[in-house]
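Trainee: Residue numbers (my numbering), protein chains in the order written: chain Y, 39 to 229; chain X, 81 to 182.
Submitted below is the structure of interest, expressed as structure tokens.
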Amino acid sequence: MDRTEAELIAAVLAGDSASFEPLVVKYSPRVFATARRYARRESEIEDIVQEVWLKAFHKLKSFRGEAPFEHWLMRMAVRTCYDFLRGHQRNRESSFSEISEPEDDWLDRFVADPGSAPENADAAKLLIDRVLEKLSPPARLVIQLLEIEDRSVKEIAKITGWSVPLVKVRAFRARGEMRKILARMTKEKYL
Amino acid sequence: MKLVELQKKLVAAARLSAPDDRVPYAFEKRIMAQIAARAVAERWVFWTQGLWRAAGACVVVAVVFGAVSLFAPATPDNTNDLSQDFENTLLASVDQSDVALP
């Protein structure tokens with residue numbers, strides 16, 4: 039018979055670490071999806087997910103069971119991704135000269151007629167990845183959670199541990215930072 | 081160029097592309113092995129730290145007693161010598177039996 043999450047967690051806390059495995063199996067897809075939003079290389083993604091699970095195991099005592107385990111775990115995953123972003127800021131200062139041909143074409147189409155550039159094009163996805171990589175870690179986290187994942191300011195405050203006013207300030211700054219990067223990108227391309 | 085519109089378009093593109101949730105083969109086994117390995121390592125760390133602390137405490141006690149015995153003022157007469165009193169008490173019965181012999 040399958041044991042419930044609460045039973046598995048209680049067993050782990052009682053010293054049966056093998057009971058942690060079903061939790062890893064169940065939630066790893068979600069943790070991997072989250073990590074892939076912040077890191078590109080598969081080795082980095084695996085490192086992030088591994089760190090999330092090790093942290094979850096060692097901090098399981100602090101899980102009080104008031105909220106679902108998934109929420110607690112995803113909060114930990116986002117915070118680990120944020121720590122990863124802070125530690126890997128190498129791509130931020132690079133130029134946009136390495137833009138590929140499809141990305142170039144997509145931008146040309148957008149300049150000619152904004153409506154004609156499709157949002158579901160692979161080139162648009164590559165471009166937004168490039169822009170996100172150049173954002174500062176707090177700006178990237180806020181843009182990801184607020185604009186892309188469509189979460190509320192309150193939710194972001196809960197996930198990140200920041201206060202609601204701080205999330206609002208960082209969101210305002212992040213949008214400005216993103217516009218500056220887009221301006222730099224278009225300037226490099228068209229001037 | 082309309083930067084706000086470009087920003088909206090790119091954010092919409094990011095929303096449309098859901099990230100891949102594929103998990104590498106036997107990833108959970110790797111995590112469980114890491115947890116087991118860390119538990120063993122932590123046990124060693126616990127004992128090593130404890131023993132080092134105990135060794136440190138022993139050294140401190142030895143140094144304190146050494147300093148006390150080295151710098152304590154010497155007693156001027158032997159009448160109050162505790163070791164002499166102790167020896168006399170311990171060997172009192174032997175001394176008495178020596179006297180009792182013809």
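No residue lacks a Cβ here, since even glycine has one placed at the ideal position from N, Cα and C.
1) Look at Thr118(Y) and Ile166(Y) and say whether their C-beta atoms are less than 7 angstroms apart.
2) Taking Gly103(Y) as the reference, give the member of Gln88(Y), Ala48(Y), Glu187(Y), Met223(Y) with the closest Cα.
3) For Gln176(X), count neighbouring C-beta atoms within 10 Å of its own C-beta (all shown protein chains included) and say buried if the count is 16 or more, exposed if not.
4) Going by the C-beta, is Pro175(Y) closer than 6 angstroms to any heavy atom of the ligand ZN?
5) List the whole-angstrom C-beta distance separating Val180(Y) from Ala212(Y), where the pair is believed to meet the contact cut-off of C-beta under 8 angstroms.
6) Decide if the region 104 to 117 of chain X is in contact with the region 58 to 78 of chain Y; the criterion is three or more beta carbon pairs, one per stretch, under 8 angstroms apart.
7) My output table needs one value for Lys185(X): the three-state DSSP class, helix, strand or coil.
8) The alpha helix (DSSP H) spanning Trp127(X) covers which residue range?
9) Could you tell me which whole beta strand (DSSP E) segments of length 3 or greater appear in the region 114 to 198 of chain Y?
10) Of all the residues that make up the region 77 to 93 of chain Y, which are near chain X by a beta-carbon distance shorter than 9 angstroms?
11) Quick one: grab the DSSP three-state call for Ser201(Y).
12) Expressed to the nearest angstrom, what Euclidean distance is found between the alpha-carbon atoms of Arg265(Y) and Ile197(Y)?
13) Please state whether the Cβ-Cβ distance between Leu92(Y) and Arg178(Y) is less than 7 angstroms.
14) Should Ser66(Y) be labelled buried (16 or more other beta-carbon atoms within 10 Å of its own) or exposed?
15) Kindly indicate the opening and closing residues of the alpha helix (DSSP H) around Ala94(Y).
16) I'd like to know whether the C-beta atoms of Ile111(X) and Ser55(Y) end up nearer to each other than 7 angstroms.
17) Residues in the same chain with beta-carbon distance under 6 angstroms from Glu167(X), minus the five sequence neighbours each way, listed in chain order, please.
18) Below 7 angstroms on C-beta distance, what does Val103(X) contact in chain Y?
19) Got a sec: which bits of the region 84 to 99 of chain X sit with their beta carbon under 8 angstroms from any beta carbon on chain Y, in order along the chain?
20) Quick check on Lys172(Y) - is its C-beta less than 7 angstroms from some C-beta in chain X?
21) Going straight from the alpha carbon of Met39(Y) to that of Glu45(Y), what length do you get?
22) Taking 7 angstroms as the CB-CB cut-off, is Phe107(X) touching chain Y?
23) Could you work out which residues of chain Y lie near Gln114(X), taking near to mean beta carbons separated by less than 7 angstroms?
24) Which first and last residues belong to the alpha helix (DSSP H) in which Thr72(Y) is found?
25) Comparing alpha-carbon positions, which option in Ala105(Y), Ser57(Y), Glu193(Y), Val116(Y) lies nearest Tyr76(Y)?
Mentor: Reading it off the structure:
1) No, these two residues do not count as a Cβ contact at 7 angstroms.
2) Closest by C-alpha distance to Gly103(Y), out of Gln88(Y), Ala48(Y), Glu187(Y), Met223(Y), is Ala48(Y).
3) An exposed status is given to Gln176(X), since fewer than 16 other beta-carbon atoms sit within 10 Å of its beta-carbon.
4) Looking for the ligand ZN in the displayed structure turns up nothing, as the structure carries no ligands at all.
5) Right, the Cβ-Cβ distance comes to about 4 angstroms (below 8 angstroms), so this counts as a contact.
6) As far as the Cβ criterion goes, the region 104 to 117 of chain X touches the region 58 to 78 of chain Y, which means the pair count is three or higher.
7) Because chain X spans 81 through 182 in this model, residue 185(X) falls outside it and cannot be assessed.
8) Boundaries of the alpha helix (DSSP H) around Trp127(X): 107 to 151.
9) If we require 3 residues or more, the region 114 to 198 of chain Y turns out to have no beta strand (DSSP E) run fully inside it.
10) Taking 9 angstroms as the Cβ-Cβ cut-off against chain X, the residues of the region 77 to 93 of chain Y that qualify are Glu80, Glu84, Val87, Gln88, Trp91, Leu92.
11) Coil.
12) What the structure shows of chain Y is the stretch from 39 to 229, and residue 265(Y) is not part of that stretch, so it cannot be assessed.
13) Against a cut-off of 7 angstroms, the Cβ pair of Arg178(Y) and Leu92(Y) comes out as no contact.
14) Label assigned to Ser66(Y): buried.
15) Its alpha helix (DSSP H) spans residues 80 to 96.
16) Contact: no.
17) In its own chain, leaving out the 5 sequence neighbours on each side, no residue places its CB closer than 6 angstroms to the CB of Glu167(X).
18) What Val103(X) touches in chain Y: Ser66, Pro67, Phe70.
19) For the region 84 to 99 of chain X, the residues whose beta carbon sits under 8 angstroms from a beta carbon of chain Y are, in order, Val84, Glu85, Leu86, Gln87, Lys89, Leu90, Val91, Ala92, Ala93, Ala94, Arg95, Leu96, Ser97, Ala98, Pro99.
20) Output row for Lys172(Y): interface = no.
21) Interpretation of Met39(Y) is limited by its pLDDT of 46, a score under 50 that renders its predicted location unreliable; no figure is taken from the coordinates.
22) By this cut-off, Phe107(X) is an interface position.
23) Under the 7 angstroms cutoff, chain Y gives Gln88, Leu92.
24) Counting along the chain, the alpha helix (DSSP H) containing Thr72(Y) begins and ends at 59 to 76.
25) Checked all of Ala105(Y), Ser57(Y), Glu193(Y), Val116(Y); the closest Cα to Tyr76(Y) is Val116(Y).
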